[in-house]
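Protein chains in written order, with the working numbering: chain A, 2 to 322; chain B, 451 to 685; chain C, 791 to 1080. From the three backbone atoms N, C-alpha and C, an ideal C-beta is built for every residue, glycine too. Treat the numbers as computed from the prediction; the structure is a model and nothing was measured. What follows is a single structure, written as structure tokens, with notes after it.
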Amino acid sequence: MEILGLVNYALFMAIFIAIYALLALGLNIQWGFAGLFNAGIAGFFAVGAYTSAILTSPAAADRIGGFELPFVAGWIGAMCAAALVAWPIGKICLRFRSDYLAIASIGIAEIIRLVIKSEPVLTNGARGISSIPRPAGDLGYMESQAAYLVIVLAVLVAVYFLVERQFNAPWGRMMRAIRDNEPAARAMGKNVEYRRLEAFIFGSALMGLGGALFAHFNRSITPEAIDPMVATFLVWIMLILGGSGNNRGAILGAAVVWIIWSVSEIATDRLPHEYAVQAKYIRLFLIGLMLQLVLRFRPEGLLPEPLRGDRRAAPTERDRS
Amino acid sequence: MTALLAMEEITGGYGDADILLDVSLKVGKDEIVVIVGPNGAGKSTAMKSVFGLLTIRGGRMMFDGDNITGWAPNRIVQRGICYVPQVDNIFREMSIHENLEMGGFLKKGDLSAAFDRVYTLFPDLKERHKTLAGSLSGGQRQMVAIGRALMLDPKLLLLDEPTAGLSPKYMEQIFQICRDVRDTGVAILLVEQHAKQALAFADRGYVLAAGKNRHEGTGADLLADREVAEMFLGG
Amino acid sequence: MDFLELLNFYVIPGIVIGSIYALGAVGITLIFAILRYAHLAHGDLATLGAFVALAVVSGLGVSPLAALPVAIVATAAVAVGIDKVFYEHLRERPKIVTVMASLGIALMIRSVVQVFWGVDTQTYVRGIVRPEDYFGLRIRDREIYTVLAMLLLVGALQVFLTRSKWGKAMRAMSDNPNLALLSGIDNKKVVVLTWVIAGGLCAAAGFFLGLNTELKSLMGWSMLLPVFAAAILGGVGRVEGAVLGGLIVGVAEELSVLWIPSEYKAGMAFVILLFMLLVRPTGLLRGKVL
């Protein structure tokens, strides 16, 4: 029985790691390769989760949706919806330095949160949307978990190869050129804003997909399902620790951070109640501190960005002046 | 001639690449010295090397009896060298007076003598001392920039292409300002794109090409030199 | 609805919340202009300031206004400390790395507040304060204090920036950092000064938000967006612009409920932010665009 429990827990953890790895890959496209600062990951995640929920759940009174579409349609819809939200934000903010995108993405995540809370016709308000079908969900408990893990891993592997191929293609070279020396890329006639917009939309779509995978795994989605700041921040620390610019690093970071995060939760849950609440916030403090330490002592992460043929020494501030 | 500034076989550049190769030059007291040369010859780089803005890998920089090689710009300013960059050389959103005040930032005590000196040199600026520097014309901006650099009573003034983008009328004005400044006892080293006019006005000149010394002499001599003329003065 | 009602229910509360935004936005705009990055921990720093004041109020039993100076000094010290420990060594790296670090700092400050003060809402003083009537205008004392304190603090800052040597040095660093360094201005001192001012104003913003509403661990974070909108609306680097921007955002938020559901009041700041970036990124008073 104990072993069964452990296996179940491992499956559960692996599914979460795979979902977070998808988010980290999405962020890697934005930050690692295009240098775009998205602080609204949770927002795109939520858009994906709710879109897929609306498209695939059975009909319900008092709200739009219940189209009972196959889950694949829900997932594609989730990606499209997240991309559609990303488009206007990117269009407006990507002309400027990434600081502006950081602020605007915090804003869009906030707006999405407001919409979810205030539009019960769309999201069923605080109660959320339940009975979202899980692929292979009618198997036994553990078999269903295992089957879902296989599906999620398949999605992750497909996305990994897709992203990896893009990075090694001329597109990826161009992105890196823009990130490392924007004036030079501009001078060579690259359409910098358009390329960035592509990266921002592509990355956001992956975050939407991550949200959809989460909703179907959970079989329901509520406004409280994720803490926006914590989720966003966890993805950031995963990418930075794993190695921004490196897809394998993003996945490794997701695994390492999620394991630390979950194990520390188990540890703090064993504390007496009066300390357990405080311990939760101390964990948040430590994860924030971890980012500071990584930024200071190992900014390249566990797996640094691979040196591809097109990478030259980064230009210094002076060369540009 | 006792040199105020002696740059002795300086080799260096930004990052790992050497732009200057064994460049030597001298500036005497009360002298206007100009560096000319084709684009990319390392003229501005040579000037920045005096001010400690690049990595020097060979040679040494002597100023007024001190070896200032490798000093931080901050220390060099206090030792008596002020530098006027080619672009962005004023505080646009501050008044003329405040620009000068910032120039004298390191000076302890009263600035009024320094203000008097600059305002005597540039009466135009005194009249408009409350005007925002960013709203001035190109020539007046150069006055502010030079005035700012004079606030610390430097012994040597470095001017990086002070006439770039100015009309001939203003160019003549700037050259006149340089002579006036020199006459108050400040030596000037400047980099010029307009080689012909600059050599005609300077006391001495150096011609750099590809990061190396090519020619040196009085302005008149250089102007008369056929090789110099063919090199970049357009024959 | 008559004009007086419009003033009483929308404009006056808008000016009060706008003054609070202004206090935050001035700090944001100084950091943006001098240090050249968006400081995402600003809201949570304000939360910390508010709770420090609460600790003084409940610990010493003094009136809230007497606790304000303590909160200002303490928060300014914390801001300088955060810069020294976490931001300083990132100065040579691309600025966006510091933006990221500041997101982490936001989380860290918030969790410190949650550990020490919990997540329940609290207030400085118990009970309901009824507004006084001034020729039909209904205004509470604390609302007057808020607006006056904002004007006083920002006024003092303006005098400092335009009259004192170091204030001018701060403006010079914002205007043209390379030339400021060539002039021998000590960047480190300017940075410390910037944090002292931004941190102190932050504490004031948090304090007055707590005084006019209530204290909770997320109060500052939810103020971040309006504060940035205000700074950008006014023009980055413009202190008077940040005040103007703060007041406009505050009043716009309050007035917005006349047309849109009140749940979306908080969205106004976002709309203003995007609108400004779209049509006039330099802001009303022609500030910088990074």
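- Within the same chain, and ignoring the five residues on either side of Gly804(C) in sequence, the residues whose Cβ sits closer than 8 Å to its Cβ are Leu1037, Gly1040, Val1041, Ala1042, Glu1043, Glu1044 and Leu1045.
- DSSP places Lys557(B) outside both helix and strand once states are collapsed to three, so it counts as coil.
- Looking at the backbone, the Cα of Phe72(A) and that of Ile133(A) are separated by about 9 Å.
- If you look at Val657(B), you'll find it in the beta strand (DSSP E) that goes Arg654 to Ala659.
- Residue pairing by DSSP places Gly478(B) opposite Ala453(B) in a beta bridge.
- For Trp1011(C), the nearest beta carbon of chain A is closer than 9 Å to its own beta carbon.
- Looking only at Leu290(A), Thr124(A) and Leu95(A), the smallest Cα-Cα distance to Leu1067(C) is reached by Leu95(A).
- By the 16-neighbour rule on beta-carbons within 10 angstroms, Thr52(A) is buried.
- Counting only Cβ-Cβ distances below 7 Å, Val902(C) has contacts in chain A at Phe286, in chain order.
- Across the structure, Asp923(C) and Pro859(C) are spaced so that their CA atoms are roughly 29 Å apart.
- Nearest in C-alpha terms to Gly246(A), of all of Ala178(A), Val231(A), Val278(A) and Asn192(A), is Ala178(A).
- Contact with chain A is absent for Glu1044(C), since none of that chain's Cβ atoms lies less than 9 Å from the residue's Cβ.
- The beta carbon of Gly78(A) sits closer than 7 Å to the beta carbons of Thr52, Ser53 and Leu56 from its chain, once the five residues preceding and following it are set aside; these are given in chain order.
- Identification of residues in the segment 964-975 of chain C having a C-beta nearer than 9 Å to some C-beta of chain A yields Asn968, given in sequence order.
- Of the residues Ile918(C), Leu969(C) and Thr984(C), the one whose Cα lies closest to the Cα of Phe950(C) is Thr984(C).
- Closest option to Asp480(B), judged by alpha-carbon separation, among Met621(B), Gln647(B) and Leu607(B): Leu607(B).
- In this structure, Met898(C) places its C-beta atom within 9 Å of the C-beta atom of Leu290(A).
- With its beta carbon at least 9 Å from every one in chain C, Gly520(B) lies outside the interface.
- If you draw a straight line from the Cα of Leu198(A) to the Cα of Ser954(C), it comes to about 45 Å.
- When Glu1004(C), Val1069(C), Val982(C) and Ile1050(C) are compared, the shortest CA-CA separation from Glu878(C) is found for Val982(C).
- Taking a Cβ-Cβ threshold of 8 Å, none of the residues of chain A is close to Tyr811(C); the smallest such distance is about 14 Å.
- Around the beta carbon of Lys580(B), fewer than 16 other beta carbons lie within 10 angstroms, which makes this residue exposed.
- Comparing alpha carbon positions, the residue from Gly129(A), Ala147(A), Ile130(A) and Gln293(A) closest to Ala137(A) is Ala147(A).
- In the DSSP assignment, Met1009(C) falls outside any alpha helix (DSSP H), carrying neither H nor E.
- Interface residue (Cβ-Cβ distance to chain C less than 9 Å): Val527(B) is classified as such.
- No Cβ-Cβ contact shorter than 9 Å links Arg826(C) with Leu1014(C).
- For Ala232(A), the uninterrupted alpha helix (DSSP H) segment begins and ends at Pro229 to Gly243.
- Listed as beta-bridge partners of Ile638(B) by DSSP are Ile482(B) and Leu607(B).
- Residue range Tyr142 to Asn169 is occupied by the alpha helix (DSSP H) that includes Arg166(A), with no beta strand (DSSP E) assigned at that position.
- The Cβ atoms of Ile283(A) and Leu235(A) do not sit closer than 9 Å to each other.
- A Cβ-Cβ separation of about 13 Å leaves Gly108(A) out of contact with Thr233(A) under the 8 Å criterion.
- Arg591(B) sits buried, since 16 or more C-beta atoms from the chains shown fall within 10 Å of its C-beta.
- Secondary structure of Lys662(B) (DSSP, three-state): strand.
- The beta-bridge partner set that DSSP reports for Thr505(B) consists of Gly463(B).
- Secondary structure at Glu458(B): strand, using DSSP grouped into helix, strand and coil.
- Looking at the DSSP output, Ser954(C) sits in no beta bridge, so it has no partner there.
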